[in-house]
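J.: I have a structure I would like to understand better, so I am pasting it below and will then ask my questions one at a time.
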Amino acid sequence: MPMAAAEIETMIKAALPDALVEITDLAGDGDHYSARVVSESFRGLNRVKQQRLVYDALGGRMGGVLHALQLSTATPD
Amino acid sequence: MSDDVQARIATAVNSADVLLFMKGSPLFPQCGFSSRAISILDHLGVEYATVDVLQDAGIRAGIKDFSDWPTIPQLYVKGEFVGGSDIMMEMYEAGELLELLDQSGIAHS
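Chains as they are written, first to last, in our numbering: chain D, 54 to 130; chain H, 352 to 460.
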């Protein structure tokens, strides 16, 4: 069962309230997404730790129901 | 997770300077993310080994605990987890993958 883009965004924002989340449905099939997440929480963390915060926010769905999420993380300028 | 699988993974990541856990083989990647990871390694002109997790259900599940990372592919350099394909691409574009290889004393083109 794929996840809706809005559901992904809601889960990320629940864990990272300041986050700017931009989700693109890459294939138009509701199953292949890219997400860009910008949050102050990432400051000082390496890329692996930044992405882990997002994966944690998705509560185990990543790699499961959510197979194809291309992810990029950044801190606000 | 069985200790046996974790031990096999530890042996694998220490068996090659550059190791990619992926779905499929370098010639026939079975997933777009694995395909992208292979393209990056090929562009770097570095020697690498791969483990096809589709051939081993134990490793496919165990690698996610080993690295505390939920997705495949996963890149290891000198036994250290580097990241998945998105991180590989960002590091490649920033020149950081080449830096990492240089710092690790690994030859590349």
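Cβ atoms here follow ideal geometry from the backbone N, Cα and C, with glycine treated the same way.
1) From this set, H/I438, H/V428, H/I414 and H/A445, which residue's C-alpha is nearest H/A458's C-alpha?
2) Since D/T128 and D/R96 should fall inside the 8 Å C-beta cutoff, what is the C-beta to C-beta distance between them, to a whole number of angstroms?
3) Contact defined as beta carbons within less than 8 Å: I believe H/G413 pairs with H/V356. What is the distance between those atoms, to the nearest angstrom?
4) For D/L124 and chain H, any beta-carbon pair shorter than 9 Å?
5) Secondary structure at H/F379, three-state DSSP: helix, strand or coil?
6) Going by beta-carbon coordinates alone, are H/A367 and H/F417 separated by less than 9 Å?
7) Taking the C-alpha atoms as reference points, what is the distance between H/V397 and H/L448?
8) Kindly identify the DSSP beta-bridge partner or partners of H/L371.
9) Using a Cβ-Cβ cut-off of 8 Å (strictly less than) and excluding sequence neighbours within five positions of H/S353, which residues of its own chain qualify?
10) Leaving out five residues on either side along the sequence, give the residues of the same chain with a beta carbon under 6 Å from the beta carbon of H/A400.
11) Would you kindly report the start and end of the unbroken alpha helix (DSSP H) that includes H/L416?
T.: In terms of the structure at hand:
1) When only C-alpha atoms are compared, the closest one is H/V428.
2) 5 Å
3) At roughly 4 Å, the Cβ-Cβ gap stays under 8 Å, so H/G413 and H/V356 are in contact.
4) So yes, D/L124 belongs to the interface.
5) coil
6) no
7) 11 Å
8) H/T401 and H/L426
9) Excluding sequence neighbours, H/S353 sits near G409 and G413.
10) For H/A400, same chain residues with a beta-carbon under 6 Å away, outside a window of 5 residues either side, are A367 and L370 in chain order.
11) Per the sequence shown, residue 416 of chain H should be read as Asp rather than Leu. First-last of the alpha helix (DSSP H) with H/D416: A408 to S418.
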